[in-house]
Each structure stands twice: as structure tokens, then as C-alpha cells.
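Q: Pasting a structure here, questions to come.
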Amino acid sequence: MPYESQLALSLSPYVAGEQPKGRTFIKLNTNENPYPPSPRVGKALNGLAESLRLYPDMEATGLKEAIAKVNGLSPDQVFCGNGSDEVLAFAFAAFFAGKRLLAPDVTYSFYPVYAQLFGVHYETVPLREDYSVDVDGLMQGAPVALANPNAPTGIFLPLPEIRKLAEHCRKNDAVLLVDEAYAAFAPETAVSLLKEFDNLLIVCTFSKSHALAGMRVGYALGNLRLIDALRRVRDSFNSYPVDRLAQAAAEAAVLDTEYTEQSTRRIVAARDKCREALLEAGIQVLPSATNFLFVRADETDAAPVQQALRNEGILVRHFTAPRLKPWLRVTVGTEEDMEKVTEALIRLILGK
Ligand code: PMP
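Residue numbers (this note's numbering): 65 to 416.
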């Protein structure tokens, strides 16, 4: 008998983007924010060391109130976790374990990993020819998980499509999970649909728009029954997933809406400028409603372009799944980063 459980041996864990040590790179490989978090975050963290001898508030009450206020919801429609990855994991356990779950074939690659961990029967529906999510294909009477905007394509599904899917899922007593990790960079969010749909769970993160990837805070928005199910899973795993520093930092960040809107606008402008320059050069780039661009860097395999960029000190992400292989996912950095990566991509892809 091996030491490991059958479960541990059977897992195919998620592989995160490289976090380099030593050499300084222009780091455009893990969709981090190029700007620091709100200056209010530093102030909120000051003097908290003494309080760390006590366990945190397990309900993250102050943070939940702040998130609720900014989203026009009630605090009991909010659930906070240690990064949205953890919130997603809890949601897979709470709503999909032992069930059939549908997801687009190209989406956040953590979903099939959670599915395996929690015994979810995960089935995929291919993206359409233009890389958009096939909403009609996902309507098969089972729960659905999707990222909107999608990752790593960056393509955004308009609200009427989400509504159609939510309606279909509700008719079948199924939860629709919409992962809005990148929604701050998109034209709209599905939060307004929460009034209509008690089966809709929206998952969000502080890692991208709020520049707190190093703090690990994520949250879910949904009806009380869904939030309660998440709480049941949390309290069967770790009652205190969001520590005191994270609660204070995230609360300060979420309330500084002006700062977030400003840095988001800057990122969106740099994104659109880079995309236009690449398109003008004749390079295919999918439309993006996120803080990254999906760039076709080769006919068959973009790995050599990724390596050439790395040699020049620029990190971007490459995925090896067959349909994704010709593409690179480029996180939107500062204006200066984007000038450098735009020039390098045009030169390396077109040989100019
Ligand atoms: N959802 C999507 C679609 C993502 O790309 C990411 C970032 N890897 C996450 C969720 C997780 O973000 P975090 O755990 O940092 O909140």
C-alpha cells in the first residue's frame, strides 16, 4: 500500500504561472495589477501586529459590509475566502460535488482540478469558432461554471446571455457559477441579476482590480441559501480563512472606489492601445474585456516566442492545450511595459 491516498495519487494539480526569483522581469504572466494597491491599504495595516494574537472575525463582518455597500447588496449575500481560488473550491464542494457540471472547454484551468478533488462529473462544451462561450451548448439541464470575461481568451459574454443561462439553470434546479475575476475591466457585471436569480453565484477577487494578489482575498455574492452552503463547507475545512491583515487591507481597498476606477481606466487604455497596435501590424488578438490580451503568436506553437520574450526579460503565459498552443496570454502592465512588449511581439512574431 502506498503512503498516499488514492485521491492524492489521482490528482492532476493546477500549474500556476512562474513567480521568478533573482532576475528582474517585466512580469506579464499572472495577470497581476502593475500599480500598487490603494494608499489606504498601508494605513489600514499599520499597528495591526498586536491584534494578531487573537483569531480573526470568522465572518469578516467589516469586509462583508464594505463589499455589500459597494455592490448595493446586503452583507448576508457576501461570503469571503482566502483568495477566490478558495471560494471556487468551496463552491465546487457546496454545489457540484457528485453532480454533473458543464463548463466551456477553454476556461480557467483550475475548474477541472477542483472537479477531480471533489468528485464532480466535469463535462466541457467547445467554444465557438470565434472563441466565444457557446451558451446554447451549455444549456443541458445541469449546473454550469464559467468565467466572464473568460480566461485566457479575455472574451466577454453580454448580460442577456448570462440571464438566459441563469434562467435555464434555475428551471433545472441548478446553480450557475459566474467567475468575475476580471469583471472590473469589462463593460458590466452580473451583480444586477442577483435580484432575479436565487441560483446565481458570482465569484470575485481582490487580486486583479484591487492589486492585492499577495494578500489572498476573494468573495462570492449570492442568495442567502447559497452563502449558507459555502459557510457549511468552510466550517468543515477552516473556520478562519481570511486573516486579520487581509480583512483590514481588503476593506480599505474596496472602499477606495475612486482609486480602483482610476487604475482600472489606465489599464484598460493601455490594453486597447496595445491591441490596436498589434492588429494594425497584422497580428491576431482576441477582443479583451480583461487586464490581459490573448495574442496569436504562431501558426502552431507560441512556445518559442514566449522563450524569446523571456530572454529579453519579459514574462508572458503560454498554455499547452491543443487549441491554445498558438497563443500567448499577455497581462496588461504599465504604459511603459506595454510599449516594450508591443514592440517585442511585433518584431518576434513577424520577424520585423
Ligand atoms: N478566477 C480566474 C478566472 C482567474 O484567472 C484567477 C487567477 N488565477 C482566479 C479566479 C483566482 O484568483 P485569486 O485566487 O487570486 O483570487
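All residues carry an ideal CB built from backbone N, CA and C; glycine is no exception.
This structure is a prediction, so every number in the text was calculated from the model and none was measured.
Evaluate residue 252 with the Cβ neighbour count: other Cβ atoms within 10 Å of its Cβ, from every protein chain shown; 16 or more gives buried, anything less gives exposed.
A: Result: exposed.
Q: Over the uninterrupted alpha helix (DSSP H) stretch that includes residue 178, give me the two end residues.
A: Counting along the chain, the alpha helix (DSSP H) containing residue 178 begins and ends at 175-181.
Q: Does at least one heavy atom of the ligand PMP sit under 6 Å from the Cβ of residue 253?
A: No - the ligand PMP has no heavy atom lying nearer than 6 Å to the Cβ of residue 253.
Q: Nearest to residue 395 by alpha carbon, out of 86, 95, 83, 281?
A: Considering only alpha carbons, the answer is 95.
Q: Check residue 140 in the structure and name its three-state DSSP category.
A: Reduced to three states, the DSSP call for residue 140 is helix.
Q: Helix, strand or coil, according to DSSP, for residue 249 in the structure here?
A: Here residue 249 sits in helix by DSSP.
Q: Below 8 Å on the Cβ atoms is my guess for residue 157 versus residue 182; work out the distance and round it to an integer in Å.
A: Their Cβ separation, rounded to whole angstroms, is 5 Å, which keeps residue 157 and residue 182 in contact under 8 Å.
Q: Where does residue 149 land, buried or exposed, given buried means 16+ other C-beta within 10 angstroms?
A: It is buried - the Cβ of residue 149 has at least 16 other Cβ atoms within 10 Å.
Q: For residue 124 versus residue 144, is the C-beta distance shorter than 7 Å?
A: Their beta carbons are under 7 Å apart, which means residue 124 touches residue 144 by this criterion.
Q: Looking at residue 269 and the ligand PMP, is the gap between the Cβ and the nearest heavy atom below 6 Å?
A: Flag set: Cβ of residue 269 near the ligand PMP.
Q: By how many angstroms is the C-alpha of residue 240 removed from the C-alpha of residue 185?
A: For residue 185 and residue 240, the distance between alpha carbons rounds to 15 Å.
Q: Do you know how far the Cα of residue 223 is from the Cα of residue 288?
A: Each residue's Cα considered, the two are about 22 Å apart.
Q: Counting Cβ pairs closer than 8 Å, one from the segment 313-331 and one from the segment 267-277, do we hit at least three?
A: Contact holds: three or more Cβ-Cβ distances are below 8 Å.
Q: For residue 201, does the three-state DSSP call read helix, strand or coil?
A: In the structure shown, residue 201 sits in a helix (DSSP, three-state: H, G or I).
Q: Would you give the residue range spanned by the beta strand (DSSP E) that residue 269 belongs to?
A: That run of the beta strand (DSSP E) goes 264-269.
Q: Just the Cα atoms here: how many angstroms apart are residue 388 and residue 382?
A: C-alpha separation (whole angstroms): 8 Å.
Q: Under a Cβ-count criterion, where at least 16 other Cβ atoms within 10 Å of its own Cβ denotes burial, should residue 364 be classed as buried or exposed?
A: The residue is exposed, with fewer than 16 neighbouring Cβ atoms inside 10 Å.
Q: Could you tell me the distance, in whole angstroms, from the CA atom of residue 391 to the CA atom of residue 384?
A: Those two C-alpha atoms are separated by around 9 Å.
Q: Distance, Cα to Cα, residue 212 vs residue 331?
A: Cα to Cα, residue 212 sits roughly 18 Å from residue 331.
Q: So, residue 353 versus residue 220, is the Cβ gap smaller than 7 Å?
A: Yes; because the gap between Cβ atoms is below 7 Å, this pair is in contact.
Q: Just to confirm the assignment, what range does the alpha helix (DSSP H) spanning residue 53 have?
A: As displayed, the chain neither begins before 65 nor continues past 416, which places residue 53 out of reach and without an answer.
Q: What does the alpha-carbon distance come out to for the pair residue 177 and residue 342?
A: Taking the straight line from one Cα to the other gives about 34 Å.
Q: Looking at the unbroken beta strand (DSSP E) that takes in residue 378, where does it start and where does it end?
A: Per DSSP, residue 378 belongs to the beta strand (DSSP E) from 378-382.
Q: Measuring CB to CB, does residue 112 end up less than 7 Å from residue 312?
A: Yes. Within cutoff.
Q: Got a sec: does the ligand SAM put a non-hydrogen atom nearer than 6 Å to the Cβ of residue 283?
A: This structure does not include the ligand SAM; its bound ligands are the ligand PMP.
Q: Please report the straight-line C-alpha distance between residue 209 and residue 408, rounded to a whole angstrom.
A: Those two C-alpha atoms are separated by around 36 Å.
Q: Is there contact between the segment 361-377 and the segment 84-100, where contact requires at least three CB pairs shorter than 8 Å?
A: Output reads yes: the segment 84-100 touches the segment 361-377.
Q: Which residue from 135, 404, 295, 397 puts its Cα closest to that of residue 355?
A: Measuring from the Cα of residue 355, the nearest candidate turns out to be 397.
Q: For residue 172, does the count of other Cβ atoms within 10 angstroms reach 16, so buried, or fall short, so exposed?
A: When all chains shown are included, residue 172 counts as buried.
Q: Across the segment 106-120 and the segment 292-311, are there enough close Cβ pairs to call them in contact, namely three or more that are closer than 8 Å?
A: Counting Cβ pairs under 8 Å, three or more are found: they touch.
Q: Please state whether the Cβ-Cβ distance between residue 261 and residue 234 is less than 7 Å.
A: A contact, by the Cβ cut-off of 7 Å.
Q: Find the nearest neighbour of residue 410 within the set 360, 377, 283, judged by alpha-carbon distance.
A: With distances taken between Cα atoms, residue 410 lies closest to 360.
Q: Taking residue 364 as part of the beta strand (DSSP E), name the residues at either end of that continuous run.
A: Careful: residue 364 lies outside any beta strand (DSSP E) and carries neither H nor E.
Q: Using 10 angstroms around the beta-carbon of residue 117, count the other beta-carbons present and answer buried if the total reaches 16, otherwise exposed.
A: Counting Cβ neighbours within 10 Å, residue 117 comes out exposed, since fewer than 16 surround it.
Q: Would the C-beta of residue 286 count as close to the ligand PMP, meaning under 6 Å from any of its heavy atoms?
A: Flag unset: Cβ of residue 286 not near the ligand PMP.
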